[in-house]
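Under this note's numbering, the first residue of the sequence shown is numbered 20, with each subsequent residue one higher. Idealized CB from N, CA, C, for every residue including glycine.
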Amino acid sequence: MLKHAILTTCALVVSFGAHAAEGGMVTYDDNFGVKTGWDLSSDDAYLGSRAGCFEGLVRIGYDTKLEPSLAESWTQTAPTVWEFKLRKGVKFQNGEPFNAETVVNALNNRLKAPVPARAFSSKLVASVEPVGEDVVKITTVEPSVLLPAQLASPATTILAPAAYKSGKVDPIGTCTGPFKITEVDPNQYMTLMANHEYWGGMPKLAGGRVNFVPDADTRATQIRTGEAQISRLVPPWTVKTVESTEGVKVAPIPSPRITELLLNNAKPPFNNVKVRQAIQAAIDSFGIAESIYEGAVKGATMPFSPGEPWAQQEPEPAYDVDRAKALLAEAGVAPGSLTVGLLAYTAKTELKDVAAIIQAQLQEIGIKVEVRVADYSAIEPDLLSGNFDMALMSRGYTTDVAEPVGFLNADYTCGGSYNISHYCNEETDKLIKSAYTVAEPAKRYAIYEQAVKKLYEEAVSVYLIHETVFDAYSEKLENYRPHPLNYYVLTKDLVTK
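Here's what the structure looks like:
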């Protein structure tokens, strides 16, 4: 039996001495709006979490460690069974009771959803059951030591039963967090007010507004003009200008996120490893980092950033035009005979320019590239169905689970829910899935290293940029700091002068 006695950390210790919100409103710019009607398997879940409305049983702290949230502790009682003891004193914002039954209802809604959450799906979870009033038992399909980390994903947000009665998810009045969503225009904004009955204590702000601003340059402009007090993800090429603005600070955050070139491994010519290796050798990722990102980020050869506990030693850059040409010749591809498509999406403004550089670099080895740039929702069906050649993607590898096992499982196993590379190798599957059964972190990290080394050697994907996130904010804000996984913005303790 593996027992986790979880103590409430300083981040969650609350002072109930505050009897009223100190007042003040904060406006922040997010990079997208409500895209799927609050489908929790989508990015909408992260939007609700950043707005301070959504909460789950477990949370990820600013040090990326697991912390109690709506569950105060958890225990693994068998290889496939976990029990979560619920926090007392929690209410849903509409007054519905918070107990084991309502938690089970919320999580079972996730399991039954038409589009499952990568962190919490029927492929991973067999059942969710109440044990009395304040304990929830979750049984996994296979033995897993990582279920608590999966439950820290915003996709496993716990909402009141009323949230699901319309057949869609309605977060208004059904959250547990420090702020209530009061109005939503899916393409423009949402407004929030303080939840005066928040279990964690009175929020210091009276409320807030989230503007949905897809254009990165506009987000950078609005923090400079004072239209927003926080702007998420200002682009690297605006950082110097934003930093020079009086009263504005920029916080760089090395992000567990990789910009990658996905190759369709199931489709000719990319089902030939030598062609994939030729593409890998033809692309100068470090040159892309210097030119497009003005040196504000680092070029990549492997997916995980150096210094992370699971990061491998990065090999020398693969860039070698002569080797790329030789590999194409070995694959039987004559110069000038190959034309391939490359997809990029508009939400990441810089991807259009990255695509243009890749187009030019592959032209050097005799491959013609036709670039298509569109909204992500327009290209995702082609990505998931395999109707593409190459695609640029910005992918967080600890987004679904606080370790990269979720990323590896979703993106690089035969049945992976986000296997856009359409890569399938039984040996790799066994390796990745073995991590779920290994209790000792260092041994899991070694598995991740071994898996990505194999992916690199087979050139399954071409890793381009270790991303750095730049969030800009007003000096008038107190207690604001960017979260390394971008999970939280409006928090209980945030206050404006």
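Same chain, Cβ closer than 6 Å to residue i, five either side skipped, listed in chain order
i	result
G67	F73 and P190
A454	V424, R463 and I466
L346	K293, Q296 and A297
T175	G75 and F139
L362	R391, I398, F407 and A410
S172	A138 and D419
Nearest to residue i (by Cα), restricted to the options the options
i	options	result
S146	A300, G425 and V160	V160
V229	T510, D49, N113 and V420	D49
N291	L281, A235, H215 and G351	G351
A13	A168, S88, T195 and L59	For residue 13 there is no data in the structure shown, the boundaries of the chain being 20 and 516.
N458	I376, S163, M209 and L403	In the sequence as presented, Asn is not what sits at residue 458; that position holds Ala. Considering only alpha carbons, the answer is S163.
V155	V269, K452 and L170	L170
P275	H502, T456 and V388	H502
M321	A375, V481 and C194	V481
Backbone CA spacing between residue i and residue j [nearest angstrom]
i	j	result
H23	F139	Note that H23 scores 39 on pLDDT, short of 50, meaning its location in the model is unreliable; the coordinates nonetheless yield the value given after this. Each residue's Cα considered, the two are about 21 Å apart.
K84	D490	21 Å
I307	L496	35 Å
E486	V150	43 Å
V109	K259	44 Å
P255	K104	43 Å
E309	T515	37 Å
P400	N406	8 Å
N113	T264	42 Å
P288	L166	38 Å
Y65	G52	11 Å
M412	Y364	8 Å
F231	A300	38 Å
Q380	E477	20 Å
S356	I311	29 Å
G186	P116	21 Å
A366	E202	24 Å
V188	L126	13 Å
V253	E262	11 Å
A37	D448	Unreliable placement is indicated for A37, whose pLDDT of 37 sits below 50; the coordinate value is still reported in the next sentence. Using only the alpha carbons, I get a separation of about 52 Å.
F198	T210	10 Å
T9	T158	For residue 9 there is no data in the structure shown, the boundaries of the chain being 20 and 516.
Residues near residue i in its chain [Cβ-Cβ closer than 7 Å; skip 5 each side]
i	result
Q332	none
D63	V53, K54, T55 and W57
S88	E74, G75, L76, V77 and R78
V340	A301, E383 and I384
A179	F111, N113, E115, T121 and T193
G43	L224, A225, V514 and T515
Within 8 Å, strictly: CB atoms of residue i and residue j
i	j	result
F323	Y431	no
I484	S304	yes
R69	Y506	yes
R137	Y437	yes
K511	G220	yes
A235	T368	yes
I302	L280	yes
E148	V123	yes
A213	A225	yes
V488	I272	yes
Close-in-space but distant-in-sequence residues of the same chain around residue i (CB under 8 Å, 5 per side omitted)
i	result
P354	K344, L347, I384 and G385
Q241	D48, N230, V232, A247 and S250
According to DSSP, residues forming a beta bridge with residue i
i	result
N230	D48 and Y208
I277	R414 and H485
D490	A270
E86	R78
A213	F198
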